[in-house]
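A short write-up of the structure that comes next.
Residue numbers (our numbering): 101 to 222.
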């Protein structure tokens, strides 16, 4: 099995307005060390994804990302302080305890991609 060792898994997140989405994710706290006209590499800590200059409404609005954090309250405060909902006119729901032993809040990006930002509570 040693030959089947994995290194990383990255999602390709769609963007309707590529420049707006890059700014949204930077305001959310991600860093963009590399970007072209078609693709951007984003990271925060050990979490990475690729933002693509690609959009299909049905695909974007059915795309979900889950970000596991150590403090959902700190992330919630950051989102509120950055005025993400107001600046980008996106829906955000406050943190809630979920039956699957996680506390999270839901945020939708400007392209319709749904994010769950959560911490384990078990």
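Cβ coordinates follow ideal geometry from the N, Cα and C atoms, glycine included.
Handout entry: Proximity winner among 154, 143 and 215, relative to residue 195 (alpha-carbon distances)
Key = 215
Problem - Start-end ranges of the beta strand (DSSP E) lying completely within the segment 157 to 209, minimum 3 residues - result: 164 to 168, 192 to 198 and 202 to 208
Problem - Buried or exposed (CB count within 10 angstroms, at least 16 for buried), residue 134 - result: exposed
Exercise for the section: Could you please give the first and the last residue of the uninterrupted alpha helix (DSSP H) stretch that includes residue 126? Expected result: 118 to 128
Practice task
Look at the alpha carbon of residue 111 and the alpha carbon of residue 193, and state the distance between them as a whole number of angstroms.
Solution key: 23 Å
Exercise for the section: Consult DSSP for residue 151 and reduce its assignment to one of helix, strand or coil. Expected result: strand
Handout entry: residue 136, buried or exposed, once every other Cβ within 10 Å from all chains shown has been counted against 16
Key = exposed
Practice task
Have a look at the DSSP bridge pairing and note the partners of residue 217.
Solution key: 167 and 205
Exercise for the section: Under 8 Å by Cβ, that's how I've got residue 153 and residue 138 pegged, so tell me the actual separation to the nearest angstrom. Expected result: 5 Å
Handout entry: According to DSSP, residues forming a beta bridge with residue 114
Key = 152
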